[in-house]
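If you count by mature numbering (1 follows the signal peptide of the UniProt record, and there is no 0), then the sequence shown holds residues -22 to -1, 1 to 840, one letter each, in order.
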Amino acid sequence: MIKRIYLILFLGLLLLTHPGYANEPDSAYVFSYATIKNNNHNGLHYAWSVDKDCWHSIGPEMRFLFSDFGAWGSQKRMISPFMFQDQNGLWHCLWTLNNDVGQFAHADTKDLYNWRSQSYPTVMDQGNVLDIEVSYQKSSACYLISWASEQDKGLTYFKTTTTDFKSYTPTQKATKQDRPGLRTEVLLNGESLSGVIHKVSWETIDKLIKHQEWTAFHNQERAEECKDDPVRFKGLEDLSAKLTLYPEKSKKISDMLIGAFFEDINYAADGGIYAELIQNRGFEYDLNDTQGRDKTWTHKKAWSVTGQASFKIDTLSPIHPNNRHFAVLQVNEPGACISNSGFDGIPVMEGEKYDFSIFARSLSDSKGGLKVTISDRQGNVIGEASVKKLSSEWNKYEGVITAGKTVDDALISIQPVEKGSYALDMLSLFPQNTFMGRKNGLRKDLARVIADIKPRFIRFPGGCVAHGNGIDNIYHWKNTIGPLEARKPQRNIWNYHQSMGLGYFEYFQFCEDIGAEPVPVVAAGVPCQNSSIGGHGQQGGIPMCEMGDYVQEVLDLIEWANGDKNTRWGKLRAEAGHPKPFNLKYIGIGNEDLITDVFAERFSMIYKAVTEKYPEIIVIGTVGPFYMGTDYVEGWKLASDLEVPMVDEHYYQPPGWFINNQDYYDRYDRSKPKVYLGEYASHLPGRPMNIETALSEALYLTSVERNADVVTMTSFAPLLAKEHHTQWNPDLIYFNNTEVKPTVDYYVQKMYGNNSGDYYVPGYIDLSTTNQEAIERVAYSVVKDSKSNDIIIKLVNMLPVSVHVNIDLSKFINTPCRGKLTVLKGNPTSKEALPKESEIDMDSNTQFESAPYSFSLIRVGL
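Here's what the structure looks like:
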């Protein structure tokens, strides 16, 4: 923070005193280009020259513009960019996206580094778009865009025109005469590169250089790690500090600050917190769930047959159109069975009861029953139940199985007592001992560890999950309510399956059970910007002719949650077992979306409809996936223009970023939308969760708490991850079938969640050092909880030495008393550190030693 000011002053002084400053040219040349390195993923680069002969790379090869088209990995490429300046001085860049699509990319900027939203117009029904060029047509006051395309008869040229780079005339064939031929070859650092040269003022180039230098400095800050502390703080001895508080300047802050964000990623739902023990219970798994990457991921996944029997998948006369597939088991000799291995095995505990259910019908003359057994891998039966008689019609059969011993990886088997043909579907094995004893409920230990954070809200069902991979994969809440057999499963954007057994009713019920506000997130009429199925990226969004129906779906959600039991959707909620409204207050619209015209049109339509019909609902908008950049800027602009009450910010950063950005929210305009920091986490190379990541988050949260008048909600992400099934690291809570493994970072969330306040007490900490890097690694926050009348002091020390703090509590405490102390500390690489609780003697001037690499929390009643 302060060292940034020093850097700016130093750079300014350097420019003013540099002996060659007066000799710099009035103008020079900038060369814009991209390379084929990293499969064209490195984006737009610049070089400069005073004579078009000797070129100097800016960076080198710093990325000034990044293509955001399509999925990570295969897409987001920039091929042959063409940059030019229009008649009004605005710069534009157009580029080829890949070798297949009939689209190109466009973005514009005033200064060559702050680029506005990208668009991807379709100009070819068949064929690709290569080697784009643009020229201004003075006679018609428009811009002619031409390109080459690989056609059946070879390379063919095409063209279109535009006046605003938003609407384009129909594509026509072009000739070579339509091509301005402005691309040129430049020799840069011994490499011949193709691009476009423009003459610009030296001031323009100078700003690019300064921007690159600032970015390099910023990246250097981000890269700071504790492993370098022995050098960084060589010779540093224990510090002393005086913390002075000013309660007369206390301000009201949010009492909703710490929440939780549940996304169905890393098997967080099926195989995770959703307590169902049978995998692929409805035979709805499909190769498309994994985009064909797992060839075993078929309708038969996790199922096997033993004995004289076979089974196939059928779709004729299913129990419900939303669950079309079911198993047909052909038993040739009694004793054969079909078995399910669960999610990495079926865990059962001795003495516990498990509810078994199955939809079944006999397809032959046999009307015999079923024997249902749970067995270990050695074939020993440890629990059983039976179905006495089947009919020729679909019926649901239920029973209870008591486990005779504890087994981590059991199997469940269904054995017809007679030979014949049987249709089976929606087989379920559910522990009765769920969280709060709920039917179709949650795994008790996982739900409990989340509840122990005392989150003020739960955001669900996910971010990327909500808007899906492609328009057809958008998450629709109506598909997740009602009887389980009527819910509509679908592929998960994280490349597995969503049974929807954990649906909107279960999410809302969990929130109510733990006293958290529900915060559902719905798509803003566009799919994930990284979509790869059904097209690339936003795909034009839901067609506007269908948006009315989609808007109604969002409005119906609010009625379902809040409506009287006599309303259409409130009645369905009541029939599900909750006649009273859930009292929904918040709804998120969109997630990390590209803030394009496509998005803005659809978001605005949904937002206006919700606020018109339900003005009491707080809508949470989105400002992209990063703490800076085009989507962040354009998202904030859109939200401010629409007066959206709150926006959702996301950023995943290394510890160095959190250390060096504690002033991030100090500068936020309080008259604009409030902030929900919906996704954040500190990460290191290799993605461990340890004391270093935990303390960097604790340190940053002191500044968030200081700014909790504008940052009203926060949630770490992702929340859950099943071992051996992770698509994302790091995560807050890891687990397997029998164990829950909270990370060090989890305990930071728990300490904040259990010790929140509703008033912030300003203060000042005076450290016995002028070392700015040391000062940045010591932080505090003091809040008051008006309900308990407690003062809560949080102290974070990310230094390798102790800090002896004199806490001036003279305006709070007149006589000695005892406070509660919780300390989380350890070596920066420690992954096993746990908070320890004790008591502390306190008086008007409390002396406290903040241990090296520690987060200390003192709570005292007034």
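Every residue, glycine too, gets a C-beta built ideally from N, C-alpha and C.
Are the beta-carbon atoms belonging to residue i and residue j less than 8 Å from one another?
i	j	result
residue 394	residue 446	no
residue 758	residue 770	no
residue 508	residue 49	yes
residue 469	residue 457	no
residue 682	residue 671	no
residue 107	residue 129	no
residue 517	residue 399	no
residue 56	residue 69	no
residue 634	residue 201	yes
residue 817	residue 782	no
residue 248	residue 477	yes
Which word fits residue i, buried or exposed, when buried means at least 16 other C-beta atoms lie within 10 angstroms of its C-beta?
i	result
residue 429	buried
residue 141	exposed
residue 702	exposed
residue 835	buried
residue 194	exposed
residue 797	buried
residue 644	exposed
residue 204	buried
residue 165	exposed
residue 378	exposed
residue 92	exposed
residue 506	buried
residue 742	exposed
residue 648	exposed
residue 119	exposed
residue 153	exposed
residue 542	exposed
residue 668	buried
residue 206	exposed
residue 288	exposed
residue 224	exposed
Residue i to residue j, Cα distance in whole Å?
i	j	result
residue 520	residue 579	11 Å
residue 548	residue 557	8 Å
residue 472	residue 420	21 Å
residue 25	residue 117	33 Å
residue 599	residue 434	19 Å
residue 654	residue 368	54 Å
residue 711	residue 696	9 Å
residue 753	residue 102	58 Å
residue 233	residue 295	53 Å
residue 860	residue 96	The structure shown does not extend to residue 860, since the chain spans only -22 to 840, so no value can be given for it.
residue 410	residue 334	10 Å
residue 630	residue 675	11 Å
residue 687	residue 592	24 Å
residue 123	residue 617	33 Å
residue 426	residue 729	15 Å
Cβ of residue i less than 8 Å from any chain C Cβ?
i	result
residue 317	Checking the listed chains, one finds no chain C in this structure; it contains a single protein chain.
By alpha-carbon positions, which one of the options ends up nearest to residue i?
i	options	result
residue 386	153, 421, 321	321
residue 389	282, 401, 448, 339	282
residue 115	137, 128, 535	137
residue 197	621, 510, 644, 639	639
residue 500	487, 306, 530, 493	530
residue 804	365, 797, 775, 105	775
residue 595	706, 576, 561, 700	561
residue 606	63, 296, 307, 94	94
residue 842	364, 70, 34	Here the chain has residues from -22 to 840 only, and residue 842 is not among them.
residue 100	706, 818, 583, 514	514
residue 788	89, 220, 665, 120	220
residue 689	728, 730, 748, 625	625
residue 37	592, 29, 622, 20	20
Practice item. Please go through the segment 145 to 194 and give each complete alpha helix (DSSP H) segment of 4 or more residues, from N-terminal end onward. Key: none
**Study point:** Length-filtered (3 minimum) beta strand (DSSP E) runs lying within the segment 586 to 667
**Key:** 596 to 600, 624 to 631, 652 to 660
Check your understanding: Can you list, in chain order, the stretches of the beta strand (DSSP E) that have 3 or more residues and sit fully within the segment 216 to 268?
Key -> 217 to 223
Exercise for review: Just list the alpha helix (DSSP H) runs in the segment 408 to 457, keeping only unbroken ones of 4 residues or longer that don't cross its boundaries, in chain order.
Suggested key: Scanning the segment 408 to 457 for uninterrupted alpha helix (DSSP H) segments of 4 residues or longer gives 422 to 429, 442 to 445, listed from N- to C-terminal end.
Review point. What runs of the beta strand (DSSP E), each 3 residues or longer, lie entirely inside the segment 67 to 121?
Key: 69 to 74, 82 to 87, 108 to 115
Practice item. Would you mind listing the beta strand (DSSP E) stretches within the segment 522 to 577 that are 3+ residues and don't spill past its ends, in chain order? Key: 564 to 567
Practice item. For the segment 669 to 730, list the alpha helix (DSSP H) runs that are entirely contained and at least 4 residues long, ordered along the chain. Key: Annotation: the segment 669 to 730 contains the following complete segments of the alpha helix (DSSP H) (minimum length 4 residues), in chain order: 669 to 684.
Point to revise | Ordered list of alpha helix (DSSP H) runs contained in the segment 736 to 808, each at least 4 residues | key: Correct list: 750 to 753.
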